[in-house]
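Notes follow once the structure below has been shown.
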Amino acid sequence: MKQNLKVLICDDSILIRKKLRSVLEKCKLEEIFEAENGVIAVEQAKEHNPDLIFMDIVMPDKDGIEALKDIKSFNPEAKIVMASSAGTSDHLKEALANGAYDFIQKPISLESVTLLIEKILKEESANV
Amino acid sequence: MFSQYFGHYLLNRGLITREQLADALEFQKTVHVKFGVIAVDEGFMTTAQVEEVHEKQRQMDKRFGEIAVELGYLTEAQVEALISHQKQSHLYLAQALVDREYMTIDEFGAALNDYKKENSLSDEQFEAIRNGNIDTLVEQLLVSDEEKAAKYGKYLSLFAKNMIRFIDDQVYLEVSESNNVVPGNWLIKQDIIGGAPLFTGLSTNDETLLYVASIYAEEELTEIDALAKDAVSEFLNLHNGIYLVNMSNWGTELNMNPQQIVENATVAGELFQVNVITSKGTFQLVLSDNPTSIEIGSAAGTQAV
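Here the protein sequences come in this chain order: L and S.
Read in order, the letters of the first sequence are residues 1 to 128 in UniProt numbering.
Read in order, the letters of the second sequence are residues 1 to 305 in UniProt numbering.
Here is the structure:
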């Protein structure tokens with residue numbers, strides 16, 4: 001099974017980036033990139049072409065929904081998981097309408113991220 | 001959370017000292033609650049009846065519940081209820097105060113009755129509050145002003161729940177009468193925007209910031225660095241996000257701006273302030289349903305986080 005998923009974490013919180021990275025490392029993922037706002041996320045997505053992106057919604061400079069739209073325009077295959085405490089019905093609708101892969105409600109649990117990674121790895125191996 | 005409220009009532013009435021309250025709140029986490037204390041606390045028995053059962057217990061090898069049923073003071077169903085309550089021993093301030101000999105069970109029972117009367121609590125409300133219903137507690141004890149309750153009640157209820165859930169299960173909130181924000185070293189703020197806008201902020205000193213940050217980050221933080229500020233800021237963001245979800249479920253769609261941190265901030269405007277008293281220090285929750293009235297000044301500038 002493919003284990004070398006490239007992951008981009010986009011969140012303006014240092015704490016969330018740190019915690020998410022530690023969970024991903026526990027899932028044996030090694031190629032992890034970070035971005036602290038939507039503008040940097042778009043740049044990183046162009047440069048590294050990640051398989052999976054965790055995207056916060058409320059961020060300075062460019063919010064997560066805008067970054068989602070931008071990244072989808074040049075990489076429609078990217079699996080972008082919105083991770084926000086503000087999982088309102090408006091946000092959910094907008095994210096899904098713009099091609100988000102999934103939505104994780106913060107606080108992010110180890111279980112939810114592990115399950116998600118397992119699901120994506122299964123999909124990847126099925127597509128090989 | 002009721003323990004904190006009733007504890008402060010006992011403190012304000014001069015029935016116990018601040019040190020005794022702190023000690024009892026700490027002690028109640030580990031204490032084994034006696035059956036008789038819960039029976040009085042629940043209103044099933046009088047203190048005289050409990051004393052009578054204790055007296056009989058000294059003479060015969062029987063459980064408290066058995067004797068109380070024999071004497072007709074408790075029904076079997078009440079004994080069952082008391083056993084289940086006994087398992088939630090951490091809820092009982094009464095036992096802690098009595099065990100530490102800060103109060104007698106009689107004094108505690110009397111104070112509990114006075115408290116209920118003074119706060120005009122119905123039996124139902126009182127039960128709900130004692131059983132940990134934060135919504136009722138906020139509505140009945142924290143924000144008695146109806147206009148303020150309508151504006152801030154839902155937000156405060158959720159804030160109390162999130163403080164208990166993520167930071168400190170011993171937290172105690174009190175509405176500040178003062179219209180001035182006690183100058184803290186740090187103001188962490190976030191604007192909620194949309195149909196029901198709200199300015200939200202936490203004003204804290206270094207020590208309390210580090211306490212809240214360490215718990216939320218799940219690691220010991222000793223310096224006010226980027227991670228420590230971020231942790232408190234992320235707690236506010238998480239709480240506000242959950243508030244947005246609740247409001248969305250109630251039919252009001254809101255949004256929020258990224259949080260900001262201001263050092264040595266002065267805050268003026270139409271404010272509603274709540275002192276948030278944790279086990280390790282106090283900070284202020286500052287709210288305004290008229291965010292345009294808020295003026296923030298600072299000598300050190302604003303940082304986006």
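Even for Gly, the Cβ is constructed at its ideal location relative to N, Cα and C.
On a predicted model such as this, the values are computed, not experimentally measured, just so you know.
Two segments are said to touch when three or more pairs of C-beta atoms, one from each, lie closer than 8 Å; by this definition the segment 74-91 of chain L touches the segment 49-57 of chain L. As the crow flies, the alpha-carbon of residue 280(S) is around 7 Å from that of residue 211(S).
Residue pairing for residue 173(S): DSSP places it in a beta bridge opposite 276(S). In chain order, 119, 121, 125 and 129 place their CB closer than 7 Å to the CB of residue 140(S), counting only its own chain and leaving out the 5 sequence neighbours on each side. Interface annotation, residue 168(S): not in contact with chain L, CB-CB separation never under 9 Å. For residue 247(S), the uninterrupted alpha helix (DSSP H) segment begins and ends at 226-249. For the options 283(S), 1(S), 177(S) and 200(S), the alpha carbon positioned closest to that of residue 291(S) is the one of 200(S).
In the three-state reduction of the DSSP assignment, residue 113(S) falls in the helix class. Three or more Cβ pairs closer than 8 Å define a contact, and the segment 42-61 of chain S falls short of that threshold against the segment 132-152 of chain S. In the DSSP annotation of this structure, the continuous segment of the beta strand (DSSP E) that includes residue 7(L) starts and ends at 6-10.
In the three-state scheme derived from DSSP, where H, G and I count as helix and E and B as strand, residue 196(S) is classed as coil. In this structure, residue 257(S) and residue 188(S) do not form a Cβ contact; the two beta carbons are roughly 13 Å apart against a cut-off of 8 Å. Looking at the backbone, the Cα of residue 261(S) and that of residue 233(S) are separated by about 8 Å.
Judged by DSSP in its simplified three-state form, residue 23(S) adopts helix. At least 9 Å separates the beta-carbon of residue 73(S) from that of residue 98(S).
Among the residues facing chain L, residue 287(S) is not included, as its CB has no counterpart in that chain under 9 Å away. Using a CB distance cut-off of 9 Å, residue 58(L) counts as an interface residue toward chain S.
Straight through space, the alpha carbons of residue 165(S) and residue 219(S) are spaced by roughly 17 Å.
Residue range 260-263 is occupied by the beta strand (DSSP E) that includes residue 263(S), with no alpha helix (DSSP H) assigned at that position. Annotation for residue 136(S): the continuous alpha helix (DSSP H) segment containing it runs 134-137. For the pair residue 155(S) and residue 50(L), the Cα-to-Cα distance works out to about 38 Å. For residue 88(L), at least one C-beta of chain S is nearer than 9 Å to its own C-beta. The Cβ atoms of residue 20(L) and residue 117(L) do not sit closer than 9 Å to each other. The beta-carbon separation of residue 15(L) and residue 227(S), rounded to 6 Å, stays under the 8 Å limit for a contact. Annotated three-state conformation of residue 266(S) is strand, per DSSP. Under the rule that a run must span 3 or more residues, the beta strand (DSSP E) segments found entirely inside the UniProt domain "Response regulatory" (6-121) of chain L read 6-10, 31-35, 52-55, 79-84 and 102-105. Contact of residue 106(L) with chain S is assigned, a C-beta pair being separated by under 9 Å. Annotated three-state conformation of residue 4(S) is helix, per DSSP.
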